[in-house]
Amino acid sequence: MISYGRQTIEQQDLDAVIEVLKSDWLTQGPNVTKFENSVRDYVGAKYGVAVNSATSGLHIAYLALGLGYGDYVWTTPNTFVATANAALYCGAKVDFVDINLNDYNLDVNKLEQKLITAKQENKLPKIVTPVHFAGLSCDMKRLRELSSEYGFYIVEDASHAIGGKYDGDFVGCCKYSDFAIFSFHPVKIITTGEGGMVMTNNQKLADKVKKLRSHGITRDEKEYKNPIDGRWNYEQIEIGFNYRMPDINAILGFSQVQRLSDFVNRRNQIADKYKLELQKVKIGYQIYNCTKKLNSYHLFVILLDSKQERYELDKFLFDNGYSSQVHYYPVYLQPYYRDLGFKAGLCPIAEDYYSRCLSIPIFPTLVDKDIDKIIELITKFKTKVYK
Ligand SMILES: *Cc1c(COP(=O)(O)O)cnc(C)c1O
Numbered sequence: 029m030i031s032y033g034r035q036t037i038e039q040q041d042l043d044a045v046i047e048v049l050k051s052d053w054l055t056q057g058p059n060v061t062k063f064e065n066s067v068r069d070y071v072g073a074k075y076g077v078a079v080n081s082a083t084s085g086l087h088i089a090y091l092a093l094g095l096g097y098g099d100y101v102w103t104t105p106n107t108f109v110a111t112a113n114a115a116l117y118c119g120a121k122v123d124f125v126d127i128n129l130n131d132y133n134l135d136v137n138k139l140e141q142k143l144i145t146a147k148q149e150n151k152l153p154k155i156v157t158p159v160h161f162a163g164l165s166c167d168m169k170r171l172r173e174l175s176s177e178y179g180f181y182i183v184e185d186a187s188h189a190i191g192g193k194y195d196g197d198f199v200g201c202c203k204y205s206d207f208a209i210f211s212f213h214p215v216k217i218i219t220t221g222e223g224g225m226v227m228t229n230n231q232k233l234a235d236k237v238k239k240l241r242s243h244g245i246t247r248d249e250k251e252y253k254n255p256i257d258g259r260w261n262y263e264q265i266e267i268g269f270n271y272r273m274p275d276i277n278a279i280l281g282f283s284q285v286q287r288l289s290d291f292v293n294r295r296n297q298i299a300d301k302y303k304l305e306l307q308k309v310k311i312g313y314q315i316y317n318c319t320k321k322l323n324s325y326h327l328f329v330i331l332l333d334s335k336q337e338r339y340e341l342d343k344f345l346f347d348n349g350y351s352s353q354v355h356y357y358p359v360y361l362q363p364y365y366r367d368l369g370f371k372a373g374l375c376p377i378a379e380d381y382y383s384r385c386l387s388i389p390i391f392p393t394l395v396d397k398d399i400d401k402i403i404e405l406i407t408k409f410k411t412k413v414y415k
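This is the structure we're talking about:
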């Protein structure tokens, strides 16, 4: 069975991890710094803080911006639950802005309308979290303009999008945002097993997330409240977590970064082939201005004509050895969120999109024979030869 995504682990990854296992450092140590610097330099941000998941990263990025009780985070419903959950961890509330059917990202026009209303009601969000869905950047310039006008922070959930570009810059450079968060879960573009990284250009915010990553402890004498007692001194000056990434995982990430551009190129090759062939049978997929953006294609999502057609194609592919997935069930329709008071109908486009979307296999080691077979199956299905 071929799944919609999988990691690429090669000999150099194995060698790198074994070497660290034999070294003095297993948990956060020199290889975390090495990995942080490699991602920071790749994407062109000033700071990178490695954590044990993107979920942890989102949590401490929100906290570093002062998110708490009474505050709102707005995001897209077309995301993994973690984007919204992390706001709830802080005691904040969440709300959702509908997507558009071109690129399946948060619709900035709808965001603007919602901001106008929220301003009148004095309920503006403290943070807006765009999610670069499937690896395709949101319209960051518009978001930055709206953030200046309405005074919210921007935290990019870039879990899908490392290696992608927006207007010539790599996603994660934080040119238009306060933070960007990457995920290194095995289905994402590069992996550390579990892991994530918080990118920022703001030194204060970077220092803050570093403290929150490790219990709220500082080893910076300038921050000490008490006189130094000895060489062993450290102080806990706020409440934090153990969100550290082990060196074992960090070296895997470092090894993977060396092939990041190869991974993204191969994903784009596969996507180009899908697009070329599937447009012939009128299959929908993400539409965007290719000269300004590079999609990292964590996912390749197709849009069918109806809910029924999606069910049937999913089954047809599955029966032939290809396991697709659906990204995403609108977050606010999850039972937990319904219990908070969210109701169907809040984001009609995202609900319609969910009923018809399907993520078909895309990952660097997917071979041409399988790509051709998947295209053949979908083409047959669409032309009803399969029946
Ligand atoms: C995978 C993912 C996350 C969570 O990442 P973890 O590293 O598994 O915590 C958050 N947001 C989005 C959009 C994701 O796809």
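The opening residue of the sequence shown carries number 29 in this note's numbering; numbering runs sequentially from there. The beta carbon of each residue, even a glycine, is placed where N, CA and C say it ideally should be.
- Scanning the region 148-178 for uninterrupted alpha helix (DSSP H) segments of 4 residues or longer gives 168-178, listed from N- to C-terminal end.
- Here the C-alpha atom of PHE212 lies approximately 30 Å from the C-alpha atom of ASP347.
- Beta-bridge partners assigned by DSSP to GLY258: none are found.
- Relative to ligand 1, GLY369 has its C-beta separated by 7 Å or more from all heavy atoms.
- LEU54 counts as exposed, since fewer than 16 other beta carbons sit within 10 angstroms of its beta carbon.
- Listed in chain order, the non-local C-beta contacts of GLY200 below 7 Å within the same chain comprise VAL71, ALA73, ALA186, ILE190, ALA208, PHE210 and MET227, local neighbours out to five positions each way being set aside.
- By the C-beta criterion, the region 231-241 is judged to be in contact with the region 88-96, since at least 3 inter-stretch pairs fall below 8 Å.
- If you keep only unbroken alpha helix (DSSP H) runs of at least 4 residues inside the region 45-123, you get 58-71, 82-92 and 110-117.
- Pairing ALA112 with MET225 gives a Cβ-Cβ distance that is not under 8 Å.
- Distances taken from the Cβ of VAL60 to the heavy atoms of ligand 1 include none shorter than 7 Å.
- Contact between the region 273-291 and the region 32-45 is present: three or more C-beta pairs spanning the two stretches fall below 8 Å.
- The residue from GLY369, GLN362 and VAL354 with its alpha-carbon nearest to that of TYR382 is VAL354.
- The C-alpha of PRO274 lies about 16 Å from the C-alpha of VAL67.
- VAL136 has its Cβ no nearer than 7 Å to any heavy atom of ligand 1.
- Beyond the five residues adjoining it in sequence on each side, TYR356 comes within less than 8 Å, by CB distance, of PRO105, ASN106, THR107, PHE108 and TYR382 in the same chain, given in chain order.
- Setting aside the 5 residues that flank it on each side, PHE391 is surrounded in the same chain by GLY33 and ARG34, each with a C-beta closer than 6 Å to its C-beta; the list follows chain order.
- Straight through space, the alpha carbons of LYS142 and ILE279 are spaced by roughly 43 Å.
- Along the region 346-391, the beta strand (DSSP E) occurs as fully enclosed runs of 3 or more residues at 385-388, listed in sequence order.
- Under the three-state reduction of DSSP, SER242 is assigned to strand.
- The straight-line gap separating the alpha-carbon atoms of PHE328 and TYR194 is approximately 18 Å.
- DSSP places THR228 outside any alpha helix (DSSP H); the residue lies instead in the beta strand (DSSP E), whose first and last residues are 224-228.
- With respect to the 8 Å criterion, LEU171 and ILE155 are not classified as neighbours on the basis of their beta carbons.
- Nearest neighbour of VAL125 by Cα position, chosen from GLU379, CYS375 and ILE403, turns out to be CYS375.
- Note: TYR181 is bridge-paired with ILE155 in the DSSP secondary-structure output.
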